[in-house]
Amino acid sequence: MYNRDQLREKANKAIDKTGAIGPDINLDEFDDAPVSHSYMADEDLCSMPEDEQKRLIMAGLDVTKKDRGGTYFQKDTEVIHCHTQQEGIEVIPIRKALEQYDWIRDYYWKLAAVDTDKYTAAAELGLHDGYVIRALPGSKSIYPIQACLYLDKDGLQQNVHNIIIAEEDSELHIITGCATSPHLKRGVHVGISEFYVKKNAKLTFTMIHNWAEEMMVRPRSVAQVEEGGLFLNNYICMKPVRSLQMYPTTHLVGKDAVARFYSIIVGSPGSEYDLGGRIFLKHPGNRAEIVARAISNGGKIIARGHLIGEVPDIKAHLECRGLLLNGGLIHAIPELEGRVDGVEMSHEAAVGKIAQEEIAYLMSRGLSEDEATSTIVRGFLSVDIPGLPPQLKAEIDRAIEESNKDVM
Amino acid sequence: MLLIEDLQVKLGDKEILKHIDLEIQPGETHILFGPNGSGKTSLLMAIMGYPQYEVVAGKIMFKGEDITRLPIDERARLGIGMSYQRPPTINGLKTRQMVQLCAGDEVDEVDLAKRVNFEEFLDRDVNAGFSGGEIKRSELLQLTAQAPDLMLFDEPESGVDMENISLVGKTIASLLQKDLSAVVTKTIMKTKLERKKMGLIITHTGFILDYVSADKGQVLYDGMLSCVSNPREILTCIGESGYKECLRCITETN
Ligand SMILES: Nc1ncnc2c1ncn2[C@@H]1O[C@H](COP(=O)(O)OP(=O)(O)OP(=O)(O)O)[C@@H](O)[C@H]1O
Ligand SMILES: [Mg+2]
């Protein structure tokens, strides 16, 4: 059922179709011509300039590859490093996969629709590359696979398509980052991601975004979780970005399938974030949770969440807490949709500023006002994520700690 | 020494403390009685420096320094600490971390927690869902780590169960260097000389008096403090004739 021409044809029809939500981007203002970069061996990675390495680290990519099961590294339009050292895990650039493997056709554009909007269309018509990460049946990854999509060329439109497959009974951890080089000012990132979590598989996907002030970002993701599967999705974005809009959708398609989304967003002045997630609970025993922590320093954050319970005996919870530190706007839009009797769905949303009483309490224990404030902010951002390996937890804590320095 | 002279405090438009004189010498512990809503907590908050408790007249001196206008953290650094009646929850901050923050540097929080039977709460967020009695022990634990020279206790024993009350009572006594038993091993004179800590304890029940040898007691009524008297006698008096009557009888006998 895979027909690239048909896909192209559909994409062509959607080329001017604006996104359902979020500000429209004029893609004509950006250049999507390929930029060539040479492949980097391990030594080359480690000899990258220090400020670049630091930016990568903050997006979860460790060039030393210590404690990593594999690495995918794309710079602009080119794959510059791709390697796996973990048995049972495959990491393949998607263009290569499309050329060499038939099985990829069962996954490519099977969850996301190519004609969703101009961004999905652009990703098909002007595909640069992207990663396919696949955990073979029964394989358990100990160390996370790291993937990084890096933008170096100013004014670039990067079109990426990723496919993540956790086969039956496998366990796969991915930490993926997007970052821009220190000199890049503006650009567009279009990223399609399709997630397949098969029977009794466990996938944790931690995404850290580290953009530049004038970047426009349009991820488009859809996930499918089969019986007994678990999809844990963490998203962290604490750096400025001009406009970021995403609304990933997850379908729980087998009984006892579980999806949990956690996101931590800090909105800087001049930045606009419109994000959230939608989870369809379609089988008994399904569980879903969407938890968001948003801080605005003066930026605009729209935090959405939509849970749809289609059958009885499902449980879903939505939680959004926003903190206004320095003006700005946080708009929480939680939606619960129970379509039958016997669903258990709840939400809590709270937006406010730091309670003066909490600051005073800490000050009476000897902390200065600034110390008290940052202690409360750190606490606010520390979400307990059940099922996250301690190593990834440490990774997230580090990202938060790093960014927290800039927040205050 | 803590010295409060003719203190008047407003909360919003409300005159909450009308005229307060109070003196606590190093080594002394005072007990504060008074009906609900009489302003006891407000007095402690004003001493701690909460800005909403606006000082409209009078002054607060501590260790010879006028602290009337100092912010909370500077008062804390000078050596004032408080065990709250109703502290706020700090989400995401573990009690374990809080104890470290109170101590100001490395401290064995497990060891400290054992003293108030609180080890199992160290990994919970500060005050998140703590029961009334648990809050008291959490506050006491934080204060133990902070070890201030002047300790303000807002009803430290209310809500604490029968098993934990002696633990709480004894811990407070040892923090204030007021163990009733200490007298046995040392001469009374010597113990008194070594005592430096100051305490101000609010109580309704007076249970704390079974553990802490308090020096003086006062009743706060209608925003005013009564004269100083023996805390046990005040307690008996309140029990027999009520606050108002008791206030009168203390004032008359002094
Ligand atoms: N935010 C507020 N707004 C209005 N009135 C307040 C506020 N906070 C406290 N009060 C009032 O101030 C008065 C003194 O309160 P305070 O807490 O000091 O009493 P208290 O003596 O500690 O009482 P209790 O024994 O019940 O603890 C009370 O009448 C109380 O209702
Ligand atoms: Mg009170």
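Sequence order for the protein chains is A and B.
Going by my numbering, the first residue of the first sequence is number 1, and it counts up by one from there.
Going by my numbering, the first residue of the second sequence is number 1001, and it counts up by one from there.
Heads up, the beta-carbon is just placed ideally off N, CA and C, and yes, glycines get one too.
Model, not experiment: these values are computed from the prediction.
Asked                                                                                                                             : Found
Spatial neighbours of I104/A in its chain, beta-carbon cut-off 8 Å, leaving aside the 5 residues before and after                 : I94, A97, L98, V132, I163
Enclosing beta strand (DSSP E) for A1214/B [first to last residue]                                                                : Segment: none, A1214/B is in no beta strand (DSSP E) and carries neither H nor E.
L61/A beta carbon less than 8 Å from that of G191/A                                                                               : no
Where the alpha helix (DSSP H) containing Y99/A begins and where it ends                                                          : For the sequence presented, residue 99/A should be read as Glu rather than Tyr. Looking at the DSSP string, the run of the alpha helix (DSSP H) that includes E99/A is 94–100.
Chain B residues whose Cβ lies nearer than 7 Å to that of M58/A                                                                   : By Cβ distance, chain B contributes nothing, its closest Cβ being about 21 Å from M58/A, past 7 Å.
Interface residues of the stretch 224–256 of chain A facing chain B [CB-CB below 8 Å]                                             : none
Assigned exposure category for S1138/B - 16 Cβ within 10 Å defines buried                                                         : buried
Residue burial classification, C46/A (beta-carbon count within 10 angstroms, cutoff 16)                                           : exposed
Close Cβ partners of M1/A (< 7 Å) along its chain, the five nearest in sequence each way excluded                                 : Note that M1/A scores 48 on pLDDT, short of 50, meaning its location in the model is unreliable; the coordinates nonetheless yield the value given after this. Once the five neighbours on either side are set aside, M1/A has no close Cβ partner at all.
Minimum C-alpha distance to A147/A - residue among R4/A, M58/A, G228/A                                                            : M58/A
G1169/B versus L1220/B: straight-line alpha-carbon distance, rounded                                                              : 23 Å
Cβ-Cβ separation, G276/A to K300/A (assumed contact under 8 Å), whole Å                                                           : Between G276/A and K300/A the Cβ distance is about 14 Å, and since that is not below 8 Å, they are no contact.
Collapsed DSSP secondary structure at M1224/B in the structure displayed                                                          : strand
Minimum Cβ-Cβ distance from L149/A to chain B less than 8 Å                                                                       : no
Proximity test, Cβ basis, 8 Å: A294/A and chain B                                                                                 : no
Validate contact between the stretch 334–346 of chain A and the stretch 1054–1063 of chain B using beta carbons, cut 8 Å, 3 pairs : no
Environment of M1082/B [buried if 16+ CB atoms lie within 10 Å]                                                                   : buried
Bridge-paired residues (DSSP) for E289/A                                                                                          : R260/A, H317/A
Within-8 Å CB hit, T375/A to chain B                                                                                              : yes
T1041/B CB to nearest heavy atom of ligand 1 below 7 Å                                                                            : yes
Nonlocal neighbours in the same chain, by C-beta distance under 6 Å from E90/A, ignoring five residues either side                : R134
Three-state secondary structure assigned by DSSP to F195/A                                                                        : strand
Enclosing beta strand (DSSP E) for V217/A [first to last residue]                                                                 : 214–225
Whole-number beta carbon distance between F261/A and E289/A, since they are thought to touch under 8 Å                            : 7 Å
Interface residues of chain B facing F380/A [CB-CB closer than 8 Å]                                                               : N1091, G1092
8 Å Cβ cutoff, R1077/B in contact with chain A                                                                                    : yes
Helix, strand or coil at M1/A according to DSSP, with G and I counted as helix                                                    : In this prediction, M1/A has a pLDDT of 48, which is less than 50 and means its spatial position is unreliable; nothing more can be read from the coordinates.
Touch test, the stretch 1001–1013 of chain B against the stretch 178–197 of chain A, Cβ-Cβ under 8 Å, three pairs minimum         : no
Heavy atom of ligand 1 within 7 Å of N1036/B beta-carbon                                                                          : yes
Spatially closest choice to G1242/B from F1033/B, L1112/B, D1149/B, I1208/B, by CA coordinates                                    : F1033/B
Beta-carbon proximity list for M246/A, same chain, < 6 Å, skipping 5 on both sides                                                : P219, L275
S346/A - containing beta strand (DSSP E), residue span                                                                            : 343–352
Three-state secondary structure (DSSP) of T1029/B                                                                                 : strand
Short-range partners of chain C found in the stretch 340–370 of chain A, where Cβ spacing is below 8 Å                            : The question asks about chain C, but that chain is absent: this structure's protein chains are A and B.
Other residues of its chain near N210/A: CB distance less than 6 Å, five sequence neighbours each side excluded                   : M58, A59, A179, K239
Proximity test, Cβ basis, 8 Å: Q1142/B and chain A                                                                                : yes
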